[in-house]
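Each residue of the first sequence is one higher than the last, beginning at 757 in the working numbering. Idealized CB from N, CA, C, for every residue including glycine. Because the structure is a prediction, the values reported are computed rather than measured.
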Amino acid sequence: MPAVSKASEVKARLRPALLRWFDLHRRALPWRATRDAYGVWISEVMLQQTQVDRVVGYWTRFLARFPSVEALAAAQLEEVLGLWSGLGYYSRARNLHRAARELVARFEGQLPDSVDALRSLPGFGRYTAGAVASIAFGLPAPLVDGNVARVFSRVLEIEGAPPDRAREKALWAAAEALVEGPRPGDWNQSLMELGATVCTPLRPRCGACPARAVCGALASGRVESLPAPKKPAARKVLELQVAVARRGGAILLARRAEQGLFGGLWELPSTEGRLEALLGRRATIGPELAVLERVLTHRQLVLKLWVATVPARLGPPPEGYLAWRWVPQEETASLGMSSATRAVLERVASG
DNA sequence: CAATCGTGGTG
DNA sequence: TCACCAAGATT
């Protein structure tokens, strides 16, 4: 049976059961204490590819500093990245900031209450537009995230592995068929909550699942094998030479161009080539200090730290950087930096 | 459409 | 130790 017609058959039984379960088991998350569309938006962007527990603190600090679209739009990107520091996928913060400015320019500082208008903003893909539309505005907008995909894969026995086109189509068709009805925002959240806490990738708790009566995979004994795993990402080694230049209580940091890996963030001046070429003739490179490794999704970073002596008066920033300056130790905490850079600073400070 | 873009928890 | 993974978007 096609997944869509199976979905409509399942709908009458699943919808009430899952909404009732959600009313009983929903976690008390800070963004659920508000119906403010802005707060919902920030939470949805932070939650992209990021687990709930990690987001809570970031969301609370972010909302305290930027309580509205206007406050975010008025800020400098650098400060936004400072509050995003350590959360990863920094293009999310850059897009958030751009979108806030577009909202002020085009929508009087209000999030528009339509999926199409939301999708015209930076950082709003199909998922995030559906999430804001349904959760903040109560619109019957479908969404599919990793949790929903897993729940539907199992309940409706949808085959294939991401990013298979037919599978994507079937998932979104099911989401659209099922979201129609009362409480669309709660419905979408109940699916995600179920996926996050019960219908988990490993060792799902089928005995406690409100969908067990209608779950195709449970009936056919395929819960552990659905959905099919996706192929792992290829990881390339990125070896960087890192300049550790200190002067008094300050360290030399440079701000990366606002695109690509770690775009817009501060770091110790680094290059895939030679530090002599990066820093110019007036700098001297001393002994190697240490080697640090960090693993990202698609990269294995190998950071080779070198003592560097750089004249106090800095010229224009090196290739690939927007700025550079001597940063006092105590000021590094508030700068937007990757966790890799934090680790480098930690290593430099301790030895 | 396949690659890019982070991070830390988990088994 | 290491592969796997999490409320995706963009190019």
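Quick check on the DSSP output: the beta strand (DSSP E) that includes residue i runs from which residue to which?
i, result
"VAL1000", "992 to 1000"
"VAL970", "Unbroken run through VAL970: none, as it is neither H nor E."
"ARG1055", "1055 to 1065"
"TRP1080", "1077 to 1084"
What does a CB cutoff of less than 7 Å around residue i pick up in its chain, not counting 5 residues either side in sequence?
i, result
"LEU775", "ARG939, ASP942, TRP943, SER946"
"TYR846", "LEU837, TRP840, PHE1018, GLY1019, GLY1020, LEU1021"
"PRO960", "VAL954, VAL979"
"PHE818", "ILE798, LEU839"
"LEU833", "ARG850, HIS853, GLY1020"
"ALA989", "THR1053, HIS1054"
Just verifying my parser: in three-state terms, what is the DSSP assignment at residue i?
i, result
"GLU834", "helix"
"ALA1046", "strand"
"SER1026", "strand"
"LYS986", "coil"
"TYR845", "coil"
"THR790", "coil"
"THR956", "coil"
"ILE1041", "strand"
"ARG923", "helix"
"ARG782", "coil"
"ARG857", "helix"
"ARG1003", "strand"
How many Å lie between residue i and residue j at the Cα?
i, j, result
"ARG771", "GLY963", "18 Å"
"SER909", "TYR883", "17 Å"
"GLY1076", "LEU1101", "21 Å"
"ARG782", "PRO1073", "50 Å"
"GLY894", "SER824", "20 Å"
"VAL1047", "ARG1002", "18 Å"
"VAL1000", "PRO1025", "8 Å"
"THR806", "PRO786", "16 Å"
"LEU867", "TYR794", "7 Å"
"GLY916", "PRO1084", "53 Å"
"LEU768", "LYS925", "Note on residue identity: the sequence assigns Ala, not Leu, to residue 768. Straight-line Cα distance between these residues: approximately 22 Å."
"ASP872", "VAL811", "27 Å"
"LEU996", "ARG848", "25 Å"
"ARG1069", "GLY1036", "13 Å"
"THR1027", "GLY1004", "24 Å"
"LYS762", "GLY886", "22 Å"
"ASP920", "VAL760", "17 Å"
"GLY1177", "ALA856", "Lying outside 757 to 1107, the shown extent of the chain, residue 1177 is not represented and no answer is given."
"ALA967", "ARG1050", "40 Å"
"GLU936", "ALA820", "35 Å"
Got a sec? Which residues, its chain only, sit under 6 Å from residue i by beta carbon, not counting five neighbours each side?
i, result
"GLU1023", "THR1097"
"GLY951", "ASN903, ARG906, VAL907"
"PHE880", "LEU874"
"GLU1014", "GLY1020"
"THR1040", "THR1065"
"ALA984", "ALA917"
"ASP869", "PHE893"
The alpha helix (DSSP H) that contains residue i, what's its start and end?
i, result
"TYR814", "808 to 821"
"ILE1007", "Premise fails: ILE1007 lies in the beta strand (DSSP E), 1006 to 1012, not in any alpha helix (DSSP H)."
"TRP943", "940 to 953"
"LEU1031", "1031 to 1035"
"GLY902", "902 to 911"
"GLY886", "882 to 887"
"ASP872", "871 to 875"
"THR1088", "THR1088 -> no alpha helix (DSSP H), and no H or E assigned at all."
"ARG1103", "1095 to 1105"
So residue i packs on residue j, CB below 8 Å; how close in whole Å?
i, j, result
"LEU1009", "TRP1080", "7 Å"
"ALA973", "GLU913", "6 Å"
"LEU1078", "ARG1011", "5 Å"
"TYR814", "LEU843", "5 Å"
"VAL888", "GLU800", "6 Å"
Enumerate in chain order the residues of its own chain whose CB-to-CB distance from residue i is below 8 Å, with the five nearest sequence positions on each side excluded.
i, result
"PRO957", "ARG906"
"TRP928", "ARG882, PRO898, VAL900"
"SER764", "ALA933"
"CYS971", "ARG910, VAL911, CYS962, CYS965, VAL979"
"GLU1032", "ALA1039, ILE1041"
"LYS992", "HIS1054, ARG1055, GLN1056"
"THR816", "PRO786"
"SER976", "GLU913"
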